[in-house]
Amino acid sequence: MKELLRTTDPVRLSHAVSILDEEGIPAFEMDQHMSVLEGSIGILPRRLMVADRDEFLARAILREAGLHD
1 MKELLRTTDP VRLSHAVSIL DEEGIPAFEM DQHMSVLEGS IGILPRRLMV
51 ADRDEFLARA ILREAGLHD
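Residue 54 in full-length UniProt numbering sits at position 54 of the sequence shown, and the numbers go up by one each step.
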C-alpha cells in the first residue's frame with residue numbers, strides 16, 4: 001500500500017476517495033478512528049492509501065483534481 005494523501009481535512013479526504021472511486025481505483029482511509037485518542041478535535045491526520053499498482057494513476061488523477069500535496 002502507498003500513501004497518497006495525509007490531511008486533517010475530512011472533506012478533502014472524502015472528495016479524494018470519491019474521485020478515485022469514480023475512476024475505479026479502490027482507496028483505503030487509514031487512521032479515521034484516531035479521533036478517539038485526540039478527543040475529536042481533528043489534530044491527527046488521516047491517510048489515504050492505494051495499492052502499489054494503482055499509485056501512479058491515482059497520483060495523476062488527484063493532481064488533475066487539484067488534490068495533490
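Just so you know, even glycine gets a beta-carbon here, dropped at the ideal spot from N, CA and C.
Measure the beta-carbon distance from residue i to residue j and round it to whole angstroms, keeping in mind my assumption that it falls under 8 Å.
i	j	result
methionine 49	methionine 34	So it is not a contact: roughly 14 Å between Cβ atoms.
alanine 51	methionine 1	6 Å
Please list, in chain order, all residues of the same chain as residue i whose beta carbon is under 6 Å from its beta carbon, the five residues on each side excluded.
i	result
aspartate 54	Ile25
leucine 67	Ala16
To which residues of the same chain is residue i closer than 8 Å at the C-beta, ignoring the five residues directly before and after it?
i	result
proline 45	Arg6, Thr7, Thr8 and Asp31
leucine 62	Leu4, Leu5, Ala16, Ile19, Leu20 and His68
arginine 12	Leu5 and Leu67
Which whole runs of the beta strand (DSSP E) in the UniProt domain "DUF2007" (1-66) are 3 residues long or more, in chain order?
2-7, 27-30 and 46-50
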